[in-house]
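First to last, the sequence lines map onto chains H and S.
According to numbering that gives the first Met the number 0, the residues represented by the first sequence are 0 to 242, in order.
According to numbering that gives the first Met the number 0, the residues represented by the second sequence are 0 to 242, in order.
There are 2 protein chains.
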Amino acid sequence: MPSAPQECGDCPIRHKAVCARCDGDELALLEEIKYYRSFEAGQTVVWSGDRMDFVASVVTGIATLTQTMEDGRRQMVGLLLPSDFVGRPGREFAAYDVTATTDLVMCCFRKKPFEEMMGRTPHIGQRLLEMTLDELDAAREWMLLLGRKTAREKIASLIAIIARRDVSLGLRSKSQRLSLDIPLTREAMADYLGLTLETVSRQMSALRKDGVIVLEGKRHVVIPDFDRLIEEAGDDSDGGFLV
Amino acid sequence: MPSAPQECGDCPIRHKAVCARCDGDELALLEEIKYYRSFEAGQTVVWSGDRMDFVASVVTGIATLTQTMEDGRRQMVGLLLPSDFVGRPGREFAAYDVTATTDLVMCCFRKKPFEEMMGRTPHIGQRLLEMTLDELDAAREWMLLLGRKTAREKIASLIAIIARRDVSLGLRSKSQRLSLDIPLTREAMADYLGLTLETVSRQMSALRKDGVIVLEGKRHVVIPDFDRLIEEAGDDSDGGFLV
DNA sequence: CGATGTGTTGAACGTGGTCAAATGCGGTGG
DNA sequence: CCACCGCATTTGACCACGTTCAACACATCG
Numbered sequence: 000m001p002s003a004p005q006e007c008g009d010c011p012i013r014h015k016a017v018c019a020r021c022d023g024d025e026l027a028l029l030e031e032i033k034y035y036r037s038f039e040a041g042q043t044v045v046w047s048g049d050r051m052d053f054v055a056s057v058v059t060g061i062a063t064l065t066q067t068m069e070d071g072r073r074q075m076v077g078l079l080l081p082s083d084f085v086g087r088p089g090r091e092f093a094a095y096d097v098t099a100t101t102d103l104v105m106c107c108f109r110k111k112p113f114e115e116m117m118g119r120t121p122h123i124g125q126r127l128l129e130m131t132l133d134e135l136d137a138a139r140e141w142m143l144l145l146g147r148k149t150a151r152e153k154i155a156s157l158i159a160i161i162a163r164r165d166v167s168l169g170l171r172s173k174s175q176r177l178s179l180d181i182p183l184t185r186e187a188m189a190d191y192l193g194l195t196l197e198t199v200s201r202q203m204s205a206l207r208k209d210g211v212i213v214l215e216g217k218r219h220v221v222i223p224d225f226d227r228l229i230e231e232a233g234d235d236s237d238g239g240f241l242v
Numbered sequence: 000m001p002s003a004p005q006e007c008g009d010c011p012i013r014h015k016a017v018c019a020r021c022d023g024d025e026l027a028l029l030e031e032i033k034y035y036r037s038f039e040a041g042q043t044v045v046w047s048g049d050r051m052d053f054v055a056s057v058v059t060g061i062a063t064l065t066q067t068m069e070d071g072r073r074q075m076v077g078l079l080l081p082s083d084f085v086g087r088p089g090r091e092f093a094a095y096d097v098t099a100t101t102d103l104v105m106c107c108f109r110k111k112p113f114e115e116m117m118g119r120t121p122h123i124g125q126r127l128l129e130m131t132l133d134e135l136d137a138a139r140e141w142m143l144l145l146g147r148k149t150a151r152e153k154i155a156s157l158i159a160i161i162a163r164r165d166v167s168l169g170l171r172s173k174s175q176r177l178s179l180d181i182p183l184t185r186e187a188m189a190d191y192l193g194l195t196l197e198t199v200s201r202q203m204s205a206l207r208k209d210g211v212i213v214l215e216g217k218r219h220v221v222i223p224d225f226d227r228l229i230e231e232a233g234d235d236s237d238g239g240f241l242v
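Given below as structure tokens:
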């Protein structure tokens, strides 16, 4: 089981999560209604349609939101990183499957008290609005990927997204030789990209053969030339860096 | 030019738009900073990357948000109906092309005063959060469509979406013989669905041949059996009716 | 060891894309 | 009234990309 922090003061997502704008007093109130839950890689947090009596922030690890059709076709519709928010105030049942793809720690708030607090504390709603607008932008970028990009472009885009995230989390600077772990199985990548896992595997091999990426093991990728990768992704250069 | 209403009291979107929760005083303040703009079908409202010094609500008509890649591939990422909100508080440049697909009237607010008012009037931010969360849900539904549905399912889904909207706007009851106009060209449908316009046309013909829909002219569709349509769309039955 | 999970690769197939031509419809002008 | 044009749409023929089905490689774990 991954371990959890205790105090909001120490919290690694303090300044990015839904609580980011809260002052000391507000934080103290939140601290009273919060509790941590941990999940191991592969565990399901909630199933679509289940009653969900909490909302939460991802503290560490990665979770996914997926939708499933009756015949089993699956599409990932959200990739939740540390500080991202799970659940919707005012909604009683989960709309998506939430799954831990790595070991995961979530900071949970019982829904009722959280909603009451939202009414009294504009800072929370303001921050949640900001985060939701960001997610909507990300979803729209994703729609372009799903609707119009080739398999090769989709793979390159995914790697670029992960690389940018690592940079923005301060894990490494842009100038260094870029190297990163893909925290997803080939199947999860396929669910993300609207492909089959075979196509994912083939295109990874193709990008490797063409020197766009270097594979070190199955999950570790080195990017010798980031601009080349962006080009392969079909994105406007620098898209995603300016806001 | 389509004509515009004058008073918030008469406004057809009064109780659904971003101003829905505002009381009389707040509405009076909004009334001072609002102005109407009209566009003819086909006109562009703003181009992606342009400076955008206003935010707005769609009053009547339909607009689209689209993203374009350098080589011209286009993906629609938003379909804006009456009461939907355009623009993002705090953002200076438009992130998407906004186009009027029918004659369009928008209720605009200059961005600066609107942002200031948001700070002082929680009702606006609250409502905007609600609307943004709804849009995010819609975007995720759309992602499933783009990533995993067949061309035939995509077409059936689009028709079902339009039909549901017409019902929810009270234009017709569910029990009646369903009949609706598609307010999009075949090309716009293709941009919406991540298809080519030829495939859209072919699948429309196929659904007609199989009796799922009846075409009366190019843009008017009769749905003899709504459940059959839903089945063709690959959706859970009743998906979208319960919230 | 075999069993299981994860990933790679190959061959055949089919859906949807591409390119091209034809059709239909509304508007404009002779 | 009809000829003509422009545009949206339909239809056809062919092709390619990504899927499907299958075999195989490799690591971890009982």
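All C-beta atoms in this analysis are idealised placements derived from N, C-alpha and C, irrespective of residue type, glycine included.
Compile a chain-ordered list of the residues in the stretch 40-65 of chain H whose CB is closer than 7 Å to at least one CB of chain S. none
Cutoff 7 Å: E114 of chain S Cβ touching any chain H Cβ: Taking the first residue of the second sequence as position 1, residue 114 of chain S is located at position 115. False, the Cβ-Cβ gap to chain H never drops below 7 Å.
Quick one: what does DSSP say M117 of chain S is sitting in, helix, strand or coil? Along the second sequence, read from residue 1 onward, the residue named residue 117 of chain S stands at position 118. Note: M117 of chain S maps to helix in three-state DSSP.
Short-range partners of chain S found in the stretch 131-156 of chain H, where Cβ spacing is below 7 Å: T131, L132, E134, L135, D136, A138, R139, W141, M142, L143, L145, G146, R147
Measuring straight from C-alpha to C-alpha, what distance separates L206 of chain S and I212 of chain S? Along the second sequence, one-based indexing puts residue 206 of chain S at 207. Along the second sequence, one-based indexing puts residue 212 of chain S at 213. One C-alpha to the other measures close to 6 Å.
Please state the DSSP three-state secondary structure of M75 of chain S. One-based indexing of the second sequence puts residue 75 of chain S at position 76. It is a strand residue.
Using three-state DSSP, classify C21 of chain S as helix, strand or coil. Walking along the second sequence from the start, residue 21 of chain S turns up at place 22. Correct three-state label for C21 of chain S: coil.
Apply the 10 Å Cβ neighbour rule to T120 of chain S and answer buried if 16 or more other Cβ atoms are within range, or exposed otherwise. Along the second sequence, one-based indexing puts residue 120 of chain S at 121. It is buried - the Cβ of T120 of chain S has at least 16 other Cβ atoms within 10 Å.
Start and end residues, beta strand (DSSP E) containing S156 of chain S: Residue 156 of chain S sits at position 157 when you count from the first residue of the second sequence. Looking at the DSSP string, S156 of chain S is not in any beta strand (DSSP E); the run it does join, the alpha helix (DSSP H), is 150-167.
Just reading off the alpha helix (DSSP H) that T198 of chain S is part of, what are its end residues? Here residue 198 of chain S refers to the residue found at position 199 of the second sequence. Per DSSP, T198 of chain S belongs to the alpha helix (DSSP H) from 196-208.
By the 10 Å Cβ neighbour count, where 16 or more other Cβ atoms means buried, how is R88 of chain H classified, buried or exposed? As a first step, residue 88 of chain H is located in the first sequence; it is residue number 89 there, counting from the start. Going by the sequence as given, residue 88 of chain H is Pro instead of Arg. Buried, because 16 or more other Cβ atoms sit within 10 Å of the Cβ of P88 of chain H.
Under 7 Å between C-beta atoms, does R87 of chain S make it to chain H? Within the second sequence, residue 87 of chain S is the residue found at index 88, counting from 1. It does; some Cβ of chain H falls within 7 Å.
Taking the alpha-carbon positions, what's the Y191 of chain S to M117 of chain H distance? Locating residue 191 of chain S in the second sequence gives position 192, counting from the first residue. Locating residue 117 of chain H in the first sequence gives position 118, counting from the first residue. About 35 Å.
Can you find the residues in the same chain that come closer than 7 Å, C-beta to C-beta, to R164 of chain H, ignoring five residues on each side of it along the sequence? Stepping through the first sequence from its first residue, residue 164 of chain H is reached at position 165. L80.
Between the stretch 141-150 of chain H and the stretch 18-31 of chain H, can you find at least three pairs of beta-carbon atoms closer than 8 Å? no
Endpoints, the alpha helix (DSSP H) within which M188 of chain S is located: As a working note, residue 188 of chain S is residue 189 in the second sequence. Taken as a continuous stretch (DSSP letters only), the alpha helix (DSSP H) holding M188 of chain S covers 185-192.
Close-in-space but distant-in-sequence residues of the same chain around T198 of chain H (CB under 6 Å, 5 per side omitted): The count along the first sequence starts at 1 and reaches residue 198 of chain H at position 199. For T198 of chain H, where only same-chain residues beyond five positions count, the Cβ hits under 6 Å are A150.
With distance defined between alpha-carbon atoms, name the residue in H:A19, H:Q66, H:Q5, H:V45 nearest to M130 of chain H. As a first step, residue 130 of chain H is located in the first sequence; it is residue number 131 there, counting from the start. Nearest option by C-alpha distance: H:A19.
Name the one or two DSSP bridge partners that H14 of chain H has. What you label residue 14 of chain H is simply residue 15 of the first sequence in a count that begins at 1. None, per the DSSP bridge assignment.
Return no unless some Cβ of chain S is closer than 7 Å to the Cβ of Q202 of chain H. By 1-based counting over the first sequence, the position of residue 202 of chain H is 203. No - not a single Cβ of chain S is within 7 Å of the one on Q202 of chain H.
Identity of the residues DSSP links to C107 of chain S by a beta bridge: Within the second sequence, numbered from 1, the residue matching residue 107 of chain S stands at position 108. Partner(s): S:Y34, S:A55.
Can you tell me whether Q125 of chain H is helix, strand or coil according to DSSP? For the purposes of this step, residue 125 of chain H is taken as residue 126 along the first sequence, with counting starting at 1. Q125 of chain H falls in the helix class under three-state DSSP.
Spell out whether any CB of chain H is found under 7 Å from the CB atom of R72 of chain S. Translated into the one-based positions of the second sequence, residue 72 of chain S becomes position 73. It does; some Cβ of chain H falls within 7 Å.
Kindly identify the DSSP beta-bridge partner or partners of I61 of chain S. Here the question's residue 61 of chain S lines up with position 62 in the second sequence. BP columns for I61 of chain S are empty, so no partner.
Given A93 of chain S, which residues of its chain have a CB within under 6 Å of its CB, disregarding the five upstream and five downstream residues? To locate residue 93 of chain S, count along the second sequence from 1; it is residue 94. Result list for A93 of chain S: V45, S47, D49, M51, in chain order.
At a cut-off of 6 Å, is E30 of chain S close to the ligand GTP when judged by its beta-carbon and the heavy atoms of the ligand? With respect to small molecules bound, the structure shown includes none, and the ligand GTP cannot be examined in it.
Could you tell me if M43 of chain H is buried or exposed, where buried requires 16 or more neighbouring beta carbons within 10 angstroms of its beta carbon? In the first sequence, counting from the first residue as 1, residue 43 of chain H sits at position 44. Reading off the sequence shown, one finds Thr at residue 43 of chain H, where the question assumed Met. That one is exposed.
Expressed to the nearest angstrom, what Euclidean distance is found between the alpha-carbon atoms of F108 of chain H and R36 of chain H? Locating residue 108 of chain H in the first sequence gives position 109, where the first residue counts as 1. Locating residue 36 of chain H in the first sequence gives position 37, where the first residue counts as 1. About 10 Å.
Does the stretch 54-65 of chain S come within contact of the stretch 96-113 of chain H, defined as at least 3 CB pairs closer than 8 Å? no
Buried or exposed for S82 of chain H, please, with buried defined as at least 16 other CB atoms from any protein chain shown within 10 angstroms of its CB. Here residue 82 of chain H refers to the residue found at position 83 of the first sequence. That one is buried.
Residue span of the alpha helix (DSSP H) that contains D226 of chain S, given as start and end: Indexing the second sequence from 1 puts residue 226 of chain S at position 227. Start and end: 225-232.
Among S:Q202, S:S178, S:R176, the one whose alpha carbon lies nearest that of R185 of chain S: Mapped onto the second sequence, residue 185 of chain S falls at position 186. Of the candidates S:Q202, S:S178, S:R176, the one whose C-alpha sits nearest the C-alpha of R185 of chain S is S:Q202.
Counting only Cβ-Cβ distances shorter than 7 Å, please list the residues of the stretch 119-130 of chain H near chain S, keeping chain order. P121, G124, Q125, L127, L128
I need the DSSP call for R90 of chain H, collapsed to helix, strand or coil. In the first sequence, residue 90 of chain H corresponds to position 91, counting from 1. If DSSP states are grouped into helix, strand and coil, R90 of chain H belongs with coil.
Looking at chain S, is there any beta carbon in it that lies within less than 7 Å of the beta carbon of V76 of chain H? In the first sequence, residue 76 of chain H corresponds to position 77, counting from 1. For V76 of chain H, the answer is yes, since a Cβ of chain S falls inside 7 Å of its Cβ.
Please confirm whether A159 of chain H and I229 of chain H have their CB atoms less than 7 Å apart. Locating residue 159 of chain H in the first sequence gives position 160, counting from the first residue. Locating residue 229 of chain H in the first sequence gives position 230, counting from the first residue. Against a cut-off of 7 Å, the Cβ pair of I229 of chain H and A159 of chain H comes out as a contact.
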